[in-house]
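So the sequence shown is residues 2 to 204, counted in this note's numbering.
Glycine residues also receive a C-beta, built at the ideal position from the N, C-alpha and C atoms.
This structure is a prediction, so every number in the text was calculated from the model and none was measured.
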Amino acid sequence: MGLQTILSLIEEETEEEIRRIRTDALDRCEEIRRAARQTIDREADRIRRDGERRAEVLERKVLLSAEYDSMKAEREARWLGIHTAFSLAVQEIGSLSASPDYPDILRTLIIEGQRVIGGGAITVLCREGDRAATEEAIVGLDDLTIRSIPVHDPMIRSGGVILISGDGTVRCDQTFSTRTARMRDLLTQQVSLILYGGGDDRS
């Protein structure tokens, strides 16, 4: 085998090796590009999913906040309506002392108070301005003594009476203000039912 032949073989083998190396390099580059594209796609998908989750969380927070604010505003509006109606009802009750029915109302309160005290001698406290109505109210009722108090006495602010047993040990407050306070929860529920068709909850 001549020198030229040997050189030709070496050249062919060299070119073949170069082509193989180039092909391997191209294949490797393509694999790297594919891997890079896959990595980029996975990261983009992760970022997109994370962004969607963040957007969903933010949307839920915004909706929950809006719902809470709406419910709070509705509760406050309902309570304001109930409070206004209740205040007007209290004013209306306070004006009963000027009505023709006041003696009958006092009579009912006095009879209820007698039942609570249990009979016997009873002192009926009333405002000075209500004495005539109270005297009319106790007609036909036994063992009752009327004692009037000054009109500005804080014991009776808006009408009604206070009954005290003869020995002073039992006291039955039948004033409008006390009875209204005792019935406030029930009256509030009834006002809420009338205005809104249900009970009220401020919590």
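What's the C-alpha gap between residue i and residue j?
{"i": "E60", "j": "R180", "result": "50 Å"}
{"i": "G130", "j": "A122", "result": "23 Å"}
{"i": "R47", "j": "E57", "result": "15 Å"}
{"i": "L156", "j": "Y197", "result": "Checking the sequence shown, residue 156 turns out to be Met, not Leu. For M156 and Y197, the distance between alpha carbons rounds to 35 Å."}
{"i": "D168", "j": "P151", "result": "23 Å"}
{"i": "R116", "j": "V162", "result": "14 Å"}
{"i": "C173", "j": "T85", "result": "29 Å"}
{"i": "S204", "j": "D42", "result": "Low local confidence applies: a pLDDT of 46 at S204 is under 50, so the model's placement there is unreliable, with the coordinate-based value given in what follows. Rounded to whole angstroms, S204 to D42 spans 50 Å at the Cα level."}
{"i": "K62", "j": "R49", "result": "20 Å"}
{"i": "D186", "j": "G120", "result": "30 Å"}
{"i": "A26", "j": "E32", "result": "10 Å"}
{"i": "L65", "j": "R35", "result": "44 Å"}
In the DSSP assignment, find the beta strand (DSSP E) that holds residue i and state where it starts and stops.
{"i": "V140", "result": "Element bounds for V140: n/a, residue is neither H nor E."}
{"i": "I163", "result": "G161 to S166"}
{"i": "L126", "result": "I123 to R128"}
From which residue to which residue does the alpha helix (DSSP H) around residue i run?
{"i": "T109", "result": "Y103 to I118"}
{"i": "T176", "result": "No alpha helix (DSSP H) contains T176, which is instead part of the beta strand (DSSP E) from R172 to T176."}
Output yes or no for whether 7 Å exceeds the beta carbon distance between residue i and residue j.
{"i": "R175", "j": "L110", "result": "A quick correction: the sequence has Gln, not Arg, at residue 175. The answer is yes: Cβ separation under 7 Å."}
{"i": "P104", "j": "A138", "result": "yes"}
{"i": "R148", "j": "T124", "result": "yes"}
{"i": "I118", "j": "V171", "result": "yes"}
{"i": "L107", "j": "A134", "result": "yes"}
What distance in whole Å lies between the Cβ atoms of residue j and residue i, which are believed to be in contact at a cut-off of 8 Å?
{"i": "I165", "j": "L194", "result": "That belief does not hold up - the Cβ atoms of I165 and L194 are roughly 36 Å apart, past 8 Å."}
{"i": "S88", "j": "G160", "result": "Their Cβ separation, rounded to whole angstroms, is 17 Å, which puts S88 and G160 out of contact at 8 Å."}
Could you tell me whether the Cβ of residue i comes closer than 7 Å to any Cβ of chain C?
{"i": "S149", "result": "Here there is only one protein chain, and chain C is not present."}
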